[in-house]
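Worksheet: the structure to be examined is printed underneath.
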Amino acid sequence: MSNPDSYRPAPPPPQSGSISLQAMPTRTPQTGTYLEGLNPEQKDAVIATEGAVLVLAGAGTGKTRVLTCRLAHILEGGMAYPSQILSVTFTNKAAREMRERVGGLIGQTVEGLTWLGTFHSVAAKILRIHAELVDLKSSFTILDTDDQIRLIKQVIRSQDIDDKRWTPRYMASLIDSWKNKGLTPDKVTHKEAFKFAEGKGGEIYKIYQDRLIVLNACDFGDLLLHNLTIFTKHPDVLAKYHRKFRYILVDEYQDTNVCQYLWLRLLAQGTGNLCVVGDDDQSIYGWRGAEVDNILRFEKDFPGAKVVKLERNYRSTEHILGAASGLIATNEDRLGKTLWTDLEGGELVTVTGVWDAPAEARMISNEIENWKSQGRLYDEVAVLVRASRQMRAFEERFIALGLPYRVIGGPRFFERLEIRDAHAYLRIILSETDDLAFERIVNTPKRGIGQTSVQKLQMAARSMNVSLEHATRELVKTDEIRGKARSALKAFLLDAKRWRADIGVLKPVDLAERVLDESGYTQMWRDNKDAKSQGRLENLKELMQAISEFDTLEGYLEHVSLVLDVESGPQEDEISLMTLHAAKGLEFPLVFLPGWEEGVFPSQKSLDENGLAGLEEERRLAYVGITRAREKAKIYFAANRQIYGSWQSSIPSRFIDELPPQHVTAEAETGYYDHSYNRGMAEEVSESFVSSFERSRTSPGWQRYKQSQKSATVITGTATRKPVKNKGTNFKVGERIFHQKFGYGTIKSADGAKLTVAFEKSSEKKVLDGFVEKV
DNA sequence: GCGCAGCCCATTTTT
DNA sequence: TGGGCTGCGC
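Residue numbers in the first sequence follow my numbering, run continuously in steps of one, and reach 1419 at the last position.
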């Protein structure tokens, strides 16, 4: 970003108990220092506080600056209290950055911005206040993707659907996509429901939602979706937020999905002061529900909206911008803006053909060493790939040469196996009704409690309509589970009881350490000689560090699901290696863009599944990639690439041909490719383009759809835990029964659901009534 | 209940 | 080619 020097501490905000809310904003002559150094368009965007405003902010045009200045402007002008501004971002990182930068402008007042956060954290906050309106308790837990899939798997199995043919992952993605569109189970169309298991998709969604309520839990999609339900069914609640939020600000609007759009639209009905900032050319998350259409349609949705285009770029040279602009101009579906800069000259964007991926890595490594030897930093360099598997070649090369690098993105800290296990322990001691947590760790470390035992616990829990832990307590009193499993379960229950007694006594960290120690969890990894276990132990240590910053376990767990992410370690001088997606929002003086080949980039899969829309999104990704560069952008393509183990010769990406020649220069490594050869390839490229559309009709998705159309069946009833009151048994003393394992017998006595049965082929045993049937 | 060998399937990822 | 999952044998 430019002109950071104009950021100076702002004067203290007007201190008064009666801020005039109707102060005419445009006449507020509060010429705070924050307005200095803004270009005319930026200033325009900052002071247009009233009504609907769309700020189309191209790459590197000072978007964050506009957002933060706008906040400062509203606050310093006394137009609203900090708590009356709703500002939403997509990532925690963006929220944190905004908070920091606004703090730099207005000082302490920033702490009052209680409604600055991600969509999800703001929605969770609202949902906790009104949880009971959607049958939740305000203490609801937020499930991560892993829990979500496990739960869905259970539901699928409970419906006797083959979970190999119809995978829980696929069902989860459908549910997510429905939630992204704001669809509750009753609103899912037949056609949509038929995407899964011959039409059972809708039913599974419904059962899954019911299960979530029983578990007092939400998945990520629910946070927003429940908000929608609350706002639409309870206008009084919505009205309260209308009164509360005087101004709404949205970052990265092009990434919003339908649900988020509806949520914003409802909230904006209050004052109508909705300002969204985004760039349609950088919409790269369509596959995850983002609707570019939201930003394309903004002026229609909010008639009279003011549109401000930020096109002056402060980041890149004219050749980089020229190349990127020329490329993106090929897209049809865009609002259209052209970046410009007064940074004249600079180097042409290079396009280089190489033999294969190792050659590509070798060549790029050489360039990086060159750069370093010229006194520049590794920190200034990024290698941006389309798919993470392309990273391997670079990592190998960097390691061989001893070049320091860091991978950005990849598996997140809190999604690691050991961290999830540890969380499950904490969750279960905090809430004994957390069945998912119980299931996860009841046999981790191995205690001899196998699948069959767990299944029995589940059956018992279902038949008694209680939690798994509760069912366990009952079941160990009987002979349903015996031997090692039974004693292990008993011991586990005792452990849990002991740990719970320390809640509020020990500090969260100390409790957590004790639990992981006494459960044998830490020992399990110490004993494991796998190469990764050392790292896992270190992660657990890091986890303790994170927990130590909280006073209560609840507080910690609340944050962990939505807000917390681990700060990256001390900054060293390292090359950044990441996907193009991960690079959005970042900038580097020197950017390498390897793998520009048909099928790799644009990705064949994207083309197959989404046709022209997919291609346009890939092109936006290319645009994002090029515009990350400040000084140099270097594109590569290989003549041969290994795909799934086998070598394939490849064709240069069509995107290479779309770069305006005046901003590009071809550098061939050895003459396998030169620019004219590449041009000749254009014929073949367009042919493959046509064939990709042909292929789309034979794609798996299309096939699956056709198949599901053919074999439609009637939706069947449900069989999950229904909120039925826990009652005694239906069995009578003296009655003859059958038990799967023990055979026939006669009931001697009954104690609630616990039966004492004299079995004919076995001795007298205590069993649960859910396990026997009348004969 | 646990460990290993063969098998299948492969973007992008935030909350 | 390689990682993750399943099914089989102990």
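Glycine included, every Cβ here is placed at the ideal spot set by N, Cα and C.
For histidine 1067, report the span of its alpha helix (DSSP H) as first-last.
Working through the first sequence from its first residue, we reach residue 1067 at position 423. 1061 to 1074 is the extent of the alpha helix (DSSP H) around histidine 1067.
Which whole-angstrom value is the C-beta distance of leucine 1221 and valine 1027, which I expect to be below 8 Å?
Working through the first sequence from its first residue, we reach residue 1221 at position 577. Working through the first sequence from its first residue, we reach residue 1027 at position 383. Right, the Cβ-Cβ distance comes to about 5 Å (below 8 Å), so this counts as a contact.
Residues in its own chain within less than 6 Å of histidine 870 by CB, not counting five upstream and five downstream?
Stepping through the first sequence from its first residue, residue 870 is reached at position 226. The residues are Leu771 and Val778.
For the alpha helix (DSSP H) containing tyrosine 849, name the first residue and the last one.
As a first step, residue 849 is located in the first sequence; it is residue number 205 there, counting from the start. Where tyrosine 849 is concerned, the enclosing alpha helix (DSSP H) stretches over 845 to 858.
Assuming glutamine 728 and lysine 888 form a contact by the criterion Cβ under 8 Å, report the distance between their Cβ atoms to the nearest whole angstrom.
As a first step, residue 728 is located in the first sequence; it is residue number 84 there, counting from the start. As a first step, residue 888 is located in the first sequence; it is residue number 244 there, counting from the start. With a Cβ gap of about 6 Å, glutamine 728 and lysine 888 count as contacting.
With contact counted as at least three CB pairs below 8 Å, one residue from each stretch, are the segment 1192 to 1203 and the segment 989 to 1007 in contact?
No, they do not touch.
Residues in the same chain with beta-carbon distance under 8 Å from glutamate 1122, minus the five sequence neighbours each way, listed in chain order, please.
Within the first sequence, the letter at position 478 stands for residue 1122. In the sequence under discussion, the amino acid at residue 1122 is threonine, which differs from the glutamate named in the question. These residues qualify, in order along the chain: Lys1398, Lys1409, Lys1410, Val1411 and Leu1412.
Beta-carbon within less than 7 Å of leucine 1101's beta-carbon, same chain only, minus the 5 sequence neighbours each way: which residues are those?
Along the first sequence, read from residue 1 onward, the residue named residue 1101 stands at position 457. If we look at leucine 1101 and ignore the five residues flanking it on each side, its Cβ neighbours are Leu1112, Ala1115, Thr1116 and Leu1119.
Spatial neighbours of aspartate 1078 within its chain, please: CB distance less than 7 Å, with the 5 preceding and 5 following residues excluded, ordered by chain position.
Counting from 1 along the first sequence, the entry for residue 1078 is found at position 434. So the qualifying residues of the chain are Thr785, Arg1071 and Ile1072.
DSSP beta-bridge partners for lysine 1410?
What you label residue 1410 is simply residue 766 of the first sequence in a count that begins at 1. The partner list for lysine 1410 (beta bridge, DSSP) reads Thr1400.
Taking 8 Å as the cut-off, decide whether the C-beta atoms of aspartate 925 and tyrosine 1267 are in contact.
Taking the first sequence and counting its residues from 1, the one referred to as residue 925 is at position 281. Taking the first sequence and counting its residues from 1, the one referred to as residue 1267 is at position 623. Cβ distance < 8 Å, so aspartate 925 and tyrosine 1267 count as in contact.
Return the bridge partner residues of histidine 1383 from the DSSP annotation.
On the first sequence, residue 1383 is found 739 positions in, with the first residue counted as 1. According to DSSP, which records beta bridges pairwise, histidine 1383 is partnered with Gly1387 and Val1416.
Is any heavy atom of the ligand ATP found at a distance shorter than 7 Å from the C-beta of arginine 909?
Looking for the ligand ATP in the displayed structure turns up nothing, as the structure carries no ligands at all.
Would the segment 1009 to 1026 and the segment 1045 to 1057 be scored as touching if the rule is three or more Cβ pairs under 8 Å?
Flag = yes, the segment 1009 to 1026 and the segment 1045 to 1057 touch.
Does aspartate 807 come out as helix, strand or coil in the three-state DSSP assignment?
For the purposes of this step, residue 807 is taken as the residue at position 163 of the first sequence. The answer is coil: DSSP assigns aspartate 807 none of H, G, I, E or B.
For isoleucine 718, is the classification buried or exposed, using 16 other Cβ atoms within 10 angstroms of its Cβ as the cut-off for buried?
As a working note, residue 718 is residue 74 in the first sequence. Per the 10 Å Cβ criterion, buried.
Return the first residue and the last residue of the alpha helix (DSSP H) that serine 802 is part of.
As a working note, residue 802 is residue 158 in the first sequence. 789 to 802 is the extent of the alpha helix (DSSP H) around serine 802.
Given this structure, state the Cα-to-Cα distance separating serine 969 from asparagine 975, to the nearest angstrom.
Here residue 969 is taken as the residue at index 325 of the first sequence, counted from 1. Here residue 975 is taken as the residue at index 331 of the first sequence, counted from 1. Cα-Cα distance, rounded: 10 Å.
Is there contact here, the segment 1276 to 1295 with the segment 1001 to 1011, by at least three beta-carbon pairs under 8 Å?
Flag = yes, the segment 1276 to 1295 and the segment 1001 to 1011 touch.
Which stretch, first to last residue, makes up the alpha helix (DSSP H) that contains methionine 1103?
As a working note, residue 1103 is residue 459 in the first sequence. Looking at the DSSP string, the run of the alpha helix (DSSP H) that includes methionine 1103 is 1095 to 1108.
Taking the alpha-carbon of glutamate 1379 as reference, which of Phe1386, Val1153 and Ala1402 has the nearest alpha-carbon?
Along the first sequence, one-based indexing puts residue 1379 at 735. When each option's Cα is compared against that of glutamate 1379, the closest is Ala1402.
For the beta strand (DSSP E) that contains methionine 1188, what are its first and last residues?
Within the first sequence, residue 1188 is the residue found at index 544, counting from 1. Looking at the DSSP string, methionine 1188 is not in any beta strand (DSSP E); the run it does join, the alpha helix (DSSP H), is 1177 to 1191.
Could you work out which residue in Gly1289, Val1207, Asn1087 and Arg1050 is closest to aspartate 1217 when comparing CA atoms only?
In the first sequence, the residue the question calls residue 1217 occupies position 573. That would be Arg1050, whose Cα lies nearest to the Cα of aspartate 1217.
Would you decide whether arginine 714 is buried or exposed? Buried here means 16 or more other CB atoms lie within 10 Å of its CB.
As a first step, residue 714 must be located in the first sequence, where it is residue number 70. That one is buried.
When the Cα atoms are used, what is the spatial distance from threonine 900 to tryptophan 822?
Residue mapping note: residue 900 aligns to position 256 of the first sequence, counting from 1. Residue mapping note: residue 822 aligns to position 178 of the first sequence, counting from 1. Going by the C-alpha atoms only, they are around 14 Å apart.
Who are the near neighbours of valine 1419 in its chain, counting only those whose CB is closer than 8 Å to its CB and skipping five residues on each side?
Position 775 of the first sequence holds residue 1419. For valine 1419, where only same-chain residues beyond five positions count, the Cβ hits under 8 Å are Arg1380, Ile1381, Phe1382 and Tyr1388.
Just curious, the beta strand (DSSP E) that lysine 1276 is in, first and last residue?
On the first sequence, residue 1276 is found 632 positions in, with the first residue counted as 1. Unbroken beta strand (DSSP E) run through lysine 1276: 1273 to 1282.
Is the Cβ-Cβ distance between threonine 705 and leucine 954 less than 8 Å?
Taking the first sequence and counting its residues from 1, the one referred to as residue 705 is at position 61. Taking the first sequence and counting its residues from 1, the one referred to as residue 954 is at position 310. Their beta carbons are under 8 Å apart, which means threonine 705 touches leucine 954 by this criterion.
In whole angstroms, give me the CA-to-CA distance for glutamate 1261 and aspartate 986.
In the first sequence, residue 1261 corresponds to position 617, counting from 1. In the first sequence, residue 986 corresponds to position 342, counting from 1. Cα to Cα, the separation comes out at about 29 Å.
State the Cα-Cα distance for the pair glycine 1092 and alanine 1129, rounded to the nearest angstrom.
Taking the first sequence and counting its residues from 1, one reaches residue 1092 at position 448. Taking the first sequence and counting its residues from 1, one reaches residue 1129 at position 485. So the two alpha carbons sit approximately 6 Å from each other.
Using CA coordinates, which residue listed in Leu1259, Gly916, Gln1018 and Tyr849 is at the minimum distance from tyrosine 929?
As a position in the first sequence, residue 929 is number 285, starting the count at 1. Of the candidates Leu1259, Gly916, Gln1018 and Tyr849, the one whose C-alpha sits nearest the C-alpha of tyrosine 929 is Leu1259.
Which whole runs of the beta strand (DSSP E) in the segment 948 to 972 are 3 residues long or more, in chain order?
The qualifying runs are 950 to 954.
Here's the rule I'm using: 16 or more other beta-carbon atoms within 10 Å means buried, otherwise exposed. How should glutamate 847 be labelled?
In the first sequence, the residue the question calls residue 847 occupies position 203. That one is buried.
Which residue or residues does DSSP assign as beta-bridge partners of arginine 1158?
Your numbering for residue 1158 matches position 514 in the first sequence. Looking at the DSSP assignment, arginine 1158 forms no beta bridge with any residue, so it has no partner.
How far does the beta strand (DSSP E) with valine 778 in it extend, from its first residue to its last?
The count along the first sequence starts at 1 and reaches residue 778 at position 134. Taken as a continuous stretch (DSSP letters only), valine 778 belongs to no beta strand (DSSP E), as it is neither H nor E.
What are the boundary residues of the beta strand (DSSP E) that methionine 815 is part of?
Position 171 of the first sequence, counted from the first residue, corresponds to residue 815. First-last for methionine 815: 812 to 824, but that is the alpha helix (DSSP H), not the beta strand (DSSP E).
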